[in-house]
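Peer 1: Handing you a structure now.
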Amino acid sequence: MRTLVLLSDARHPVSGRPHLSRLETQAIGLAASLDPAARGLHAGSGEDAVRAGLGHGLAGLDVIETTGEADPLPALVGFLADALGGADAPELILAGRRGEGGFETGLVPYLVAERLGLPIVADAVAIRAGEMPGTLVVDQAMAKGARRRVTVRLPAVVTVHPLSPLPRPFAYGPMRRGRIRRHSPAAEQADLPAVAKMAGHGTVAGRAEDTGGTTVGPVDVVPADERPHRARPKLMRTSGTAAGGANLHVGPDPTEAARLILDYLEANGIRRYGKAPE
Amino acid sequence: MSRQRRDPRAERGIRTVESRARPRLDVARRESPAASGRLRRDPWREWAASLVDETYRKRYDRSQRQMSREDAARFLAARSDIEATAISPGQPALHVVEEPAFLIFAVIEATGGRLSRFDRQVFGAARLLADADAGGGAVVAITTGEIDGLGEAGADRMLALPSANGGQARAAALRHAVETLLPRHVIFAEDGDSADLARRLSVALGDDLMSGVEHLTARQAVRPIRNGAREIGLAPPRLMTIGEDRVKPYAAAPCEARPIDASDFEAGADPAILSSEIIPGDPASLALSETDFVVSAGNGVSDIAAFRELAAAMKGTPGASRVVCDAGLMPRSAQVGASGTVLAADCYFALGISGAPQHLQGIAGCEHVIAVNTDLHAAMIERAGLAIVQDAQLVMPALLALLRERGA
Chain A
0 MRTLVLLSDA RHPVSGRPHL SRLETQAIGL AASLDPAARG LHAGSGEDAV RAGLGHGLAG
60 LDVIETTGEA DPLPALVGFL ADALGGADAP ELILAGRRGE GGFETGLVPY LVAERLGLPI
120 VADAVAIRAG EMPGTLVVDQ AMAKGARRRV TVRLPAVVTV HPLSPLPRPF AYGPMRRGRI
180 RRHSPAAEQA DLPAVAKMAG HGTVAGRAED TGGTTVGPVD VVPADERPHR ARPKLMRTSG
240 TAAGGANLHV GPDPTEAARL ILDYLEANGI RRYGKAPE
Chain B
0 MSRQRRDPRA ERGIRTVESR ARPRLDVARR ESPAASGRLR RDPWREWAAS LVDETYRKRY
60 DRSQRQMSRE DAARFLAARS DIEATAISPG QPALHVVEEP AFLIFAVIEA TGGRLSRFDR
120 QVFGAARLLA DADAGGGAVV AITTGEIDGL GEAGADRMLA LPSANGGQAR AAALRHAVET
180 LLPRHVIFAE DGDSADLARR LSVALGDDLM SGVEHLTARQ AVRPIRNGAR EIGLAPPRLM
240 TIGEDRVKPY AAAPCEARPI DASDFEAGAD PAILSSEIIP GDPASLALSE TDFVVSAGNG
300 VSDIAAFREL AAAMKGTPGA SRVVCDAGLM PRSAQVGASG TVLAADCYFA LGISGAPQHL
360 QGIAGCEHVI AVNTDLHAAM IERAGLAIVQ DAQLVMPALL ALLRERGA
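Residue numbers (numbering that gives the first Met the number 0), protein chains in the order written: chain A, 0 to 277; chain B, 0 to 407.
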């Protein structure tokens, strides 16, 4: 299953240096387990941040060189539309559930999926090929340790949850051996309408004009609104009800105590243990 | 222009209190409310209201919440001389919005039909925006089924969208609701399916999303960008997701949660999703930080094998206090408390744990606590919603026997 991982231009939170986002490292780990020839895709001014992905299991890297603050979405959509129409079309596009280093809205995978007319599945912790060819089984993380197992038709976009397994450790040799292909954004965008027609996706064809435009994507700010971040304290987790009083039982018979405990659990909907004896 | 003349003798006359011996003045008496317009608090009355009855020692519920309706009723029963509404003076017993000036959608998950902490915080954010300035807004809870306690959490209206298979179908139903009812804001939790739904809706509407809001007032919403190095503050936009523990839950008079007719909003199915099933987590293998029910052993438990058997039978994740982990009876990963795991569970069952402050920090987020301990005056007994003063070594086999009986 040919797999592509979207990589963002993350910065280390302390040093501010370019580094590979941890979540995307986990996405690379999932991709490498499915496809030994998985590739990374990055749109940005350089590959400093994402080159380490080669050392974690990517076989190659595609870098679309855009200028500093440009919106990466048109470049990504253009490249992916081109790739999906080509011979070696990627079947699975993986991304972190939120890119880092930019506006961090987490909208890029959704916009990419919408522009390309692909389904999107969020918060994957495990993926594997489905029983039918051309399908993928995704385990989504849910609250309280539950998982939702979803079978989805390929090609698809899948975002990765922080609870997914740890990636392969970094290795220097593979990073040096990995091949980086550089692309220019303008050439990719020119191909878009033709590919959209060929793929037969109404969404892409309908949106092709504004994809080439200037303001698409998760831009909800003008630079003037930016200011240094101020850490604000989170709410304290105060204790819940201190009921006391009525619910205090001093020295009950152990059997009676056990009955009280199970009744309390069932009354509050925590657990249900079979039928109470009539 | 002239000011009205004060009559000091008349004022004195008003303040004079009847008494037998000599004339006395009530100096604290005020004719008009305070210039700030805020109502005066009466701390004595609040103390009296938070006094928990039915014990010999004086005990106070110091959680400093405003009274929910149930609590107020409980206190009313306990202390007949106090009115339920007197505890929060000036607030009606039920908050009703007949003709809302605008709507605010609060999209909640409520896994298992119960509101979580985070859900309540989403309602808190929605109420904040609905009651800002002139107020008059109504909070609409967007749910997928019947949920208890929506009114107490702050919902004026309730819209139960039909449950849909797949996020795309859910987003389509929600989009239809947004385009029909035209809410001023739609607020989500930055977590799980809600975060997914927010982004799908943002893309479907072609509208910007302010995600992971850290600071919210009626004037501005602030969120971090660029790996937490910078932030942006904007007037609250239409679509927002709020971060966990960032907005206080609503804690004033309960609202009515009147249902809205949802028959117009039908849910389709997502054609790309071929099948979908939910696999519940196995409590025995879950991490402590992820589970919803922890059965925990302290120094009062000596039979660890029986404890493990009990935890498995109760379908809870085994935990332990520091003493037990130090003794090597339980692994370090099972330690609950400030230096172990801080729990996010709904329920905590403490067997033979007295409740050191560091341990209580670890369970601060738990809604329900059950304590079994021999010491009546232990901190854990005071913290617990169900407190049993009994030897944990005796209660464990009784529980196991009862569970076997009920399971059979």
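Using N, Cα and C, we set each Cβ at its ideal position, and we do this for glycine too.
No experiment lies behind these values; they were computed from the predicted model shown.
Say whether chain A places a C-beta atom closer than 7 Å to the C-beta of B:A397.
Peer 2: yes
Peer 1: What does DSSP give as the partner residues of B:P223 in its beta bridges?
Peer 2: BP columns for B:P223 point to B:E230.
Peer 1: For the region 212-234 of chain B, enumerate the residues whose C-beta is nearer than 7 Å to any C-beta of chain A, in chain order.
Peer 2: Listed in chain order, the positions of the region 212-234 of chain B with a beta carbon within less than 7 Å of a beta carbon of chain A are E213, H214, P223, I224, R225, N226, G227, A228, R229, E230, I231, G232, L233.
Peer 1: Cα-Cα, which of B:I224, B:E98, B:I352, B:A168 is closest to A:G280?
Peer 2: Here chain A has residues from 0 to 277 only, and residue 280 of chain A is not among them.
Peer 1: Determine, using beta carbons only, whether A:T24 comes closer than 7 Å to chain B.
Peer 2: No - not a single Cβ of chain B is within 7 Å of the one on A:T24.
Peer 1: Determine the chain B residues that contact A:T66 at a beta-carbon separation under 7 Å, and present them in chain order.
Peer 2: Within chain B, no residue has its CB atom less than 7 Å from the CB of A:T66, the nearest being about 17 Å off.
Peer 1: Compare the Cα-Cα distances from B:F292 to each of B:A319, B:G339, B:C346 and report the closest residue.
Peer 2: B:C346
Peer 1: Run down chain A in chain order and give the residues with a C-beta less than 8 Å from the C-beta of B:D195.
Peer 2: A121, D122
Peer 1: Please state the DSSP three-state secondary structure of A:N246.
Peer 2: helix
Peer 1: Less than 6 Å between C-beta atoms, sequence neighbours within five positions excluded: which residues of the same chain meet that for B:D201?
Peer 2: The question names Asp, but residue 201 of chain B in the sequence shown is Ser. Within the same chain, B:S201 has close Cβ partners L208, L238.
Peer 1: Do A:S7 and A:S20 come within 7 Å of each other at the CB atom, strictly closer than that value?
Peer 2: yes
Peer 1: Kindly list, in the order they appear in chain D, the residues whose Cβ is closer than 9 Å to that of A:E130.
Peer 2: Structure shown: chain D not included; protein chains present are A and B.
Peer 1: For B:V185 and B:F104, which I take to be in contact (beta-carbon distance under 8 Å), what is that distance rounded to the nearest angstrom?
Peer 2: 4 Å
Peer 1: Quick one: any contact between the region 363-373 of chain B and the region 334-350 of chain B, if contact means 3 or more CB pairs under 8 Å?
Peer 2: Judged by Cβ distances under 8 Å, the region 363-373 of chain B makes contact with the region 334-350 of chain B, as three or more pairs qualify.
Peer 1: Buried or exposed: which applies to A:Q188, given that a residue is buried once 16 or more other Cβ atoms fall within 10 Å of its Cβ?
Peer 2: A caution first: A:Q188 carries a pLDDT of 49, below 50, which makes its placement in the model too unreliable to give a value.
Peer 1: Taking just the CA atoms, how far does B:A124 sit from B:F101?
Peer 2: 15 Å
Peer 1: On the DSSP letters alone, give me the boundaries of the alpha helix (DSSP H) that B:E189 sits inside.
Peer 2: From DSSP, B:E189 is part of no alpha helix (DSSP H); its letter is neither H nor E.
Peer 1: Note down the Cα distance separating B:I278 from A:A256, rounded to an integer number of angstroms.
Peer 2: 33 Å
Peer 1: In the DSSP assignment, the alpha helix (DSSP H) including B:M157 goes from what residue to what residue?
Peer 2: Note, B:M157: premise wrong, no alpha helix (DSSP H); beta strand (DSSP E) at 156-159.
Peer 1: Give me the subset of the region 133-151 of chain A whose CB atoms are less than 7 Å from a CB atom of chain B, sorted by chain position.
Peer 2: T134, M141, A142, K143, G144, A145, R146, R147, R148, V149, T150, V151
Peer 1: Which residue comes first and which comes last in the alpha helix (DSSP H) that contains B:H358?
Peer 2: 356-361
Peer 1: Count the other C-beta atoms from every protein chain shown that fall within 10 angstroms of the C-beta of A:A165, then say buried if there are 16 or more, exposed otherwise.
Peer 2: With the sequence shown as reference, residue 165 of chain A is identified as Leu, and Ala is not the correct amino acid for it. A:L165 comes out exposed.
Peer 1: Thinking just about the alpha-carbon of each residue, which of B:A159, B:A9, B:E17, B:A337 is nearest to the one in B:S288?
Peer 2: B:A337
Peer 1: Go ahead and label A:L60 buried or exposed: buried means 16 or more other beta carbons lie within 10 angstroms of its beta carbon, across all protein chains shown.
Peer 2: buried
Peer 1: Nearest by alpha-carbon distance to B:E178: which of B:M313, B:V139, B:L204 is it?
Peer 2: B:L204
Peer 1: Anyone know if the C-beta pair for B:G148 and B:R199 falls short of 7 Å?
Peer 2: no
Peer 1: Is it the case that the Cβ atoms of B:L273 and A:T150 are separated by a distance below 7 Å?
Peer 2: yes
Peer 1: For B:T110, return the contacting residues in chain A, with the cut-off set at a CB-CB distance below 9 Å.
Peer 2: Correct list: M141, A142, K143, A145.
Peer 1: DSSP three-state label for B:R331, please.
Peer 2: helix
Peer 1: CB-CB under 6 Å to A:Y263, same chain, minus the five flanking residues each way: which ones, in chain order?
Peer 2: none
Peer 1: Helix, strand or coil: which one does DSSP assign to B:M313?
Peer 2: coil
Peer 1: Measuring alpha carbon to alpha carbon, tell me which residue in A:L57, A:R147, A:P251, A:H248 is nearest A:T24.
Peer 2: A:L57
Peer 1: Whole angstroms are fine: how far does the CA of A:R181 sit from the CA of B:A228?
Peer 2: 29 Å
Peer 1: CB-CB under 8 Å to A:D87, same chain, minus the five flanking residues each way: which ones, in chain order?
Peer 2: R1
Peer 1: Could you check if B:Y59 is buried or exposed, using at least 16 other CB atoms within 10 Å of its CB as the buried criterion?
Peer 2: Classification for B:Y59: exposed.
Peer 1: Buried or exposed: B:T216, going by 16 or more other Cβ atoms within 10 Å of its Cβ?
Peer 2: By the Cβ-count criterion, B:T216 is exposed, with fewer than 16 other Cβ atoms from all chains shown falling within 10 Å of its own Cβ.
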